[in-house]
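**Q**
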Amino acid sequence: MRLSIRHETVYRYDPPPSQLTLRVRLFAVDNAMQRVEAWSVRVNGAEIAPMLTNSFGDREALWRAPEATGQVEVAVEGRVETEDRAGMLGRWPPHRPAVFLRYSPLTGPDSGIAGFAQTVAEASDGLLPMLHNLNEAVADAVEYRPGATDSSVTAAEALERGAGVCQDHAHLFAAACRFLEIPARYVVGYLHDPDTPLGDTHAWAEAWVRGLGWVGFDPTHRQSPTDAYVRLGSGLDAFDAAPIRGHIHGESSESLAADVAVGMEQ
Amino acid sequence: MLSRTAESLFWMARYIERAEATARLVEMGRRMAMLPGAYGQEEWSSVVAAAGAGAAFDPGERIGEAEVCLSLILDEDNPSSIRACLDRARNNARAVRTALTAEMWEGLNDGWRWLGGVEAATIQQDLPATLDRIRSLSALFRGAAQTTMLRGERYDFLSVGAFLERADMTLRLLDVKYFVLLPETGLVLDSRDRYRWISLLQATSAVRAYHYVYRGDFSPSRIAHFMILNRDFPCSLAFCYSGLRAALNRLADRYGERHDCHATVEKAVRQLQDREMDDIFDEGLHGFLLEALRLNAQLSGELSRAYHF
Amino acid sequence: MFDEMTGEGAGIRAPYSEIAAWIEASGLDTLRRHTAEAEDVFRRIGITFAVYGEGGDPERLIPFDLIPRVFAADEWRRLERGIRQRALALNAFLQDIYHRGEILRAGIIPERLVYRNAAFEPAMVGVNPPGRIYSHVVGIDIVRTGEREFQVLEDNCRTPSGVSYMLENRECMMRTCPELFRGGNIEPVDVYPEELRRTLEEVAPPACDGDPVVALLTPGPFNSAYYEHSFLADLMGIELVEPQDLFVDEGLCWMRTTQGPQRVDVLYRRIDDAFIDPLSFRPDSLLGVPGLFDAYRAGGVTLCSAPGTGIADDKEVYVYVPEMIRFYLGQEPILQNVPTWRCSDDEERAWVLDRLDELVVKEVHGSGGYGMLIGPHSSAAERSEFAEKIRRDPEGFIAQPTLELSSSPSLSETGVAGRHVDFRPYCLIGRTIRLVPGGLTRVALREGSLVVNSSQGGGVKDTWVLAD
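Taken in order, these protein sequences are the chains called R, V and U. Here the numbering used here is used: the first sequence runs in plain steps of one and ends on residue 328. Here the numbering used here is used: the second sequence runs in plain steps of one and ends on residue 336. Here the numbering used here is used: the third sequence runs in plain steps of one and ends on residue 493.
Below, the structure written as structure tokens:
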């Protein structure tokens, strides 16, 4: 499928901070499931280029405001040819997957997660079926309810509340996997969903399956990523995988507006 | 040199001068309040206004010697107090500790520690001694800088800060007179007024110097001339500006680059050279003082832009 | 018990012959007078940096013991080989775990001990620091228990402190007791700052195209080691910068100077990982330079030590250093580890809990001699309190036997008496490995005490390595 992406994020600061730096990870790259035909990231109209590829294979750019700025617009535009490969990404990037056994502040285990993960594991036979069961179990345990949580909610808290958004699903999936000694990571990307457009980025998870490599799971949609998905980047959790992080000098109030449109092209 | 180092040296010098200036203001208030016919309240209010510490008092609050001394000397929450100035001077010194000589640091640190131990009662008992000690503290620091510090860019930034602040101090002292003396047209002085002008000289430790230059003839015009246009008196505006110009020129030579601040100070020095005191009085002393204070603020801004701090 | 001067009690050991004669010839009064002079010198040198007037001992001097600790040339040669070996292995370990993880795959070190360790930095995976060097200054804490028995207590791979004392102790000794140095028999240590600067220059980043500009990054004057930071920066002739002096632009690191931005190529940072860069690490940090970690990974600036280096001096990882030496260097370790039991292991914990009265228990993430139980010197109440702590957080503790640290003649209230000492040499790793012959000897000045930390009544001594 050929997907077009437009993603705009606008930050407003009052008063304009004297110094402002953004770290941007909004660069989709080629992988087993997608080929990037065109991609651009602009900050306040000027195109920025990545300066490095990070540990997770994602590209990062840095942008520093040339002067005190009250408004910053980050605009992504791209066209990606996608392929449905049942979520199988392969070994990418080539670093050791075992690093993703690591817990993170938002995916630390507690007794709730331990019990949840063990129940799924005991009812499953074989790694891959277990992961599919886990995908369903996460969706069952945490009802999708927009606005139910905010970005600081941990996997354990989301499980306890029984409601959340895609971020909470991906956190819970990753936390359960890591508890079961399966490397897992948190993924950010775009989803083409013409019926209920998200208007924002989407999140899912990937687990390491020996022999297959990284395999994606999207508990929110009870499936593995298809050709409707465009993968942007990954990390240990949502905070770690954030596509944009900013830092300002001094005290300013900040407001944020984002819009994402994913369309199908010929 | 790191901009932060330059900035710290600049502000350290300013705060030390400011602490001294505030001590001189208090001294002047004390002298004026002792004059026959003084109201006390009025004189002290003018000191508070000149120190820029009006915000430290509630409207209608009694402003007498005890209150003003406490507020201007010891009150940490009053940013213009001597204690607050020394705190900030020392914090700046600490941040650039290795840019200072041991003598400078010890002079400042000892003074800071001493003031830390001073209590309200001490001041009430012996205000003159306290004020003397504060003035000698900055004299000690200046002396240490002069005799131990390498004449490099660090010394230049220190000088720039000191001259700029001292120019400010002189302008503020003159302004106290303005607050007390309304209107200021007459060149004939009543005795109280005359003493007020003299107290200005006393506050700048300049009575003898004044006598030496003007042979004891106290007139507002001459006193103002002494404090504004005289090129030999170290607290005069003209003296401070030429010191400022010299320090800035050394920096320009060192770095091979001139900035807005160089043009501004050059112009200011030239203008003072051409001025006559009578013209200043004709145009209004207060207006002149305000304009000079504005120029100081402009210079301070231009400096920080030029040297990135 | 081994004494540095008298060995097992069979007369004066050869390296101490001169010291013993000097003690004898001087007499107590002279030694005490010299000590007073030394403290005076210290105050004068140190006062340049002292920040007094803020409570506590106004001049914050660590007690200085006049009687030097001495190594013979051949003793030092062996130590030196052992120190270099260890520093190499620790760097090889860091390069390995942030890349292929061979030692983990070989099953020598448990994967989870590394990957789940707070000190492991996932964002360093795949990053290649210049020269593949992560830890540029390795401080190794060594204790001696016999004529040939040296044991490593712990490694310090991030920013080991205390080297300023090595330099000042020597300076002070040369001023107060110049007669001791007349024979020219003592290896000098004052080349350290220059060697450190060279080491740092050698790891300039790929983007550096001229003479590398090196700066020392300090958290600022309120840091307890600020004195050392300014001391070293001065002796190296480099800028002492704080985070607010730096910014990152175009993938490079710049310092704000009175003449505009100036490039910085190498940062000897004495600031913790968490505070390097608020965009990559702790976002709430007021310290830090936004984008610095990106500039580092993109080869625009070198950070010494590399972020994530702390995993190599983790107290649990320490247990495996001898294995690292065998695995990466194919050599037998020259310096031994102290036997260590990890309380995270059920069997080892049970063993430890049975023997709390014999062992030293340390917090895995503790330092400075705090959070430590010295079994033989502890009360039953302290032991039961510690047992409870260990049960609650088994991964937080390790245990070691109570070592009979060697003693070294020191000046006490009653005269010259043996006091326990340890030793920290500072190994520099750039394109080559440099080791200044000497280090910091810390001494537990309280009789019988085994705690040498200055926060707990420890002092320092000059350390001599004798020339051949």
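Note that the Cβ used here is the ideal one computed from N, Cα and C, for glycine as well.
#1: Considering just the uninterrupted stretch of the alpha helix (DSSP H) at residue 139 of chain V, what are its terminal residues?
#2: Tell me the rounded alpha-carbon separation between residue 308 of chain V and residue 298 of chain V.
#3: Out of R/114, R/70, R/86, state which residue places its alpha-carbon closest to the alpha-carbon of residue 304 of chain R.
#4: Would you call the region 231-242 of chain R and the region 257-272 of chain R touching, i.e. three or more CB-CB distances under 8 Å?
#5: According to the neighbour-count rule (16 or more other Cβ atoms, all chains shown, within 10 Å of its Cβ), is residue 340 of chain U buried or exposed?
#6: CB residue 291 of chain V to CB residue 318 of chain V, shorter than 7 Å?
#7: For residue 248 of chain R, tell me which candidate among R/180, R/259, R/162 has the shortest Cα-Cα distance.
#8: Please tell me whether residue 468 of chain U and residue 446 of chain U are closer than 7 Å, where the distance is taken between their beta carbons.
#9: Measuring CA to CA, which of U/443, U/456, U/444, U/460 is closest to residue 450 of chain U?
#10: State yes or no: is the C-beta of residue 275 of chain U within less than 7 Å of the C-beta of residue 453 of chain U?
#11: Step through the CB atoms of chain U and report whether any lies within less than 7 Å of the CB of residue 114 of chain R.
#12: Given that a residue counts as buried once 16 or more other Cβ atoms are within 10 Å of its Cβ, and exposed if not, what is residue 294 of chain V?
#13: Of all the options U/288, U/306, U/199, U/279, which has the alpha carbon lying nearest to the alpha carbon of residue 59 of chain U?
#14: Can you give me the C-alpha to C-alpha distance between residue 259 of chain U and residue 219 of chain R, rounded to a whole angstrom?
#15: Name the DSSP beta bridge partners of residue 366 of chain U, please?
#16: So residue 291 of chain R is in the beta strand (DSSP E); what residue range does that whole segment cover?
#17: What does a CB cutoff of less than 6 Å around residue 66 of chain R pick up in its chain, not counting 5 residues either side in sequence?
#18: Identify, in the order they occur along the chain, each residue of the same chain with its Cβ nearer than 7 Å to the Cβ of residue 272 of chain V, setting aside the five sequence neighbours on each side.
#19: Look up residue 74 of chain R in the DSSP assignment and say whether it is helix, strand or coil.
#20: In chain V, which residues lie less than 8 Å from residue 253 of chain U when you measure between Cβ atoms?
#21: I need the straight-line Cα distance from residue 465 of chain U to residue 109 of chain U, nearest angstrom please.
#22: How about residue 161 of chain R: is its C-beta nearer than 7 Å to some C-beta of chain U?
#23: Using 7 Å as the limit for Cβ to Cβ distance, is residue 494 of chain U near chain R?
#24: Comparing alpha-carbon positions, which option in R/133, R/197, R/138, R/79 lies nearest residue 102 of chain R?
#25: By Cβ distance below 8 Å, which residues in the same chain neighbour residue 323 of chain V in space, the five residues on each side in sequence not counted?
#26: Should residue 74 of chain U go down as buried or exposed, given a rule of 16 or more other Cβ atoms within 10 Å for buried?
#27: Show which residues of chain R have a CB atom less than 7 Å away from the CB atom of residue 137 of chain U.
#28: Helix, strand or coil for residue 243 of chain U per DSSP?
#29: Between the Cα of residue 217 of chain U and those of U/242, U/230, U/191, U/227, spot the shortest distance and give me the residue it belongs to.
#30: Can you give the Cα-Cα distance for residue 248 of chain V and residue 224 of chain V, rounded to whole angstroms?
#31: So residue 253 of chain U packs on residue 67 of chain U, CB below 8 Å; how close in whole Å?
#32: With a floor of 4 residues, list each alpha helix (DSSP H) that falls wholly inside the region 107-134 of chain U, ordered by position along the chain.
#33: Do three or more CB pairs link the region 373-391 of chain U to the region 416-427 of chain U at distances below 8 Å?
#34: Give the secondary structure of residue 377 of chain U by DSSP, where H, G and I count as helix, E and B as strand, and everything else as coil.
#35: Which same chain residues, not among the five before or five after residue 123 of chain U, have their C-beta less than 6 Å away from its C-beta?
#36: Against chain U, which members of the region 175-194 of chain V pass a CB distance test of less than 9 Å?
**A** Inspection of the coordinates gives the following:
#1: Looking at the DSSP string, the run of the alpha helix (DSSP H) that includes residue 139 of chain V is 129-144.
#2: For the pair residue 308 of chain V and residue 298 of chain V, the Cα-to-Cα distance works out to about 16 Å.
#3: Comparing Cα positions, the closest option is R/86.
#4: Using a Cβ-Cβ distance cut-off of 8 Å, the region 231-242 of chain R and the region 257-272 of chain R are in contact, since at least three pairs of beta carbons, one from each stretch, lie closer than that value.
#5: Classification for residue 340 of chain U: buried.
#6: Cβ distance not < 7 Å, so residue 291 of chain V and residue 318 of chain V don't count as in contact.
#7: It is R/162.
#8: Less than 7 Å separates the beta-carbon of residue 468 of chain U from that of residue 446 of chain U.
#9: Taking only the C-alpha atoms, the option nearest residue 450 of chain U is U/460.
#10: Taking 7 Å as the Cβ cut-off, residue 275 of chain U and residue 453 of chain U do not qualify as a contacting pair.
#11: By this cut-off, residue 114 of chain R is an interface position.
#12: The C-beta of residue 294 of chain V has fewer than 16 other C-beta atoms within 10 Å across all chains shown, which makes the residue exposed.
#13: Checked all of U/288, U/306, U/199, U/279; the closest Cα to residue 59 of chain U is U/199.
#14: Between residue 259 of chain U and residue 219 of chain R, the C-alpha separation is close to 51 Å.
#15: Residue 366 of chain U has U/424 as its beta-bridge partners, per DSSP.
#16: First-last of the beta strand (DSSP E) with residue 291 of chain R: 291-297.
#17: Result list for residue 66 of chain R: 141, 325, 327, in chain order.
#18: The residues are 292, 293, 296.
#19: It is a strand residue.
#20: Contact of residue 253 of chain U with chain V by beta-carbon distance below 8 Å is absent, the smallest such distance being about 12 Å.
#21: For residue 465 of chain U and residue 109 of chain U, the distance between alpha carbons rounds to 17 Å.
#22: So yes, residue 161 of chain R belongs to the interface.
#23: What is shown of chain U runs 26 to 493, which leaves residue 494 of chain U out entirely.
#24: Of the candidates R/133, R/197, R/138, R/79, R/138 places its Cα closest to the Cα of residue 102 of chain R.
#25: Cβ contact annotation for residue 323 of chain V (same chain, cutoff 8 Å, sequence separation greater than five): 191, 194, 195, 198, in chain order.
#26: Low local confidence applies: a pLDDT of 43 at residue 74 of chain U is under 50, so the model's placement there is unreliable, with the coordinate-based value given in what follows. Burial check for residue 74 of chain U: the Cβ neighbour count within 10 Å reaches 16 or more, so the residue is buried.
#27: Neighbours of residue 137 of chain U on chain R, chain order: 163.
#28: The answer is coil: DSSP assigns residue 243 of chain U none of H, G, I, E or B.
#29: Among U/242, U/230, U/191, U/227, the Cα nearest to that of residue 217 of chain U belongs to U/191.
#30: Just so you know, the alpha carbons of residue 248 of chain V and residue 224 of chain V end up roughly 10 Å apart.
#31: That belief does not hold up - the Cβ atoms of residue 253 of chain U and residue 67 of chain U are roughly 14 Å apart, past 8 Å.
#32: Complete alpha helix (DSSP H) runs here, min 4: 127-130.
#33: The region 373-391 of chain U makes contact with the region 416-427 of chain U: 3 or more CB pairs, one atom from each, lie closer than 8 Å.
#34: Residue 377 of chain U falls in the helix class under three-state DSSP.
#35: If you ignore the 5 residues before and after residue 123 of chain U, its C-beta comes within less than 6 Å of the C-beta of 149, 150, all in its own chain and listed in chain order.
#36: Correct list: 180, 184.
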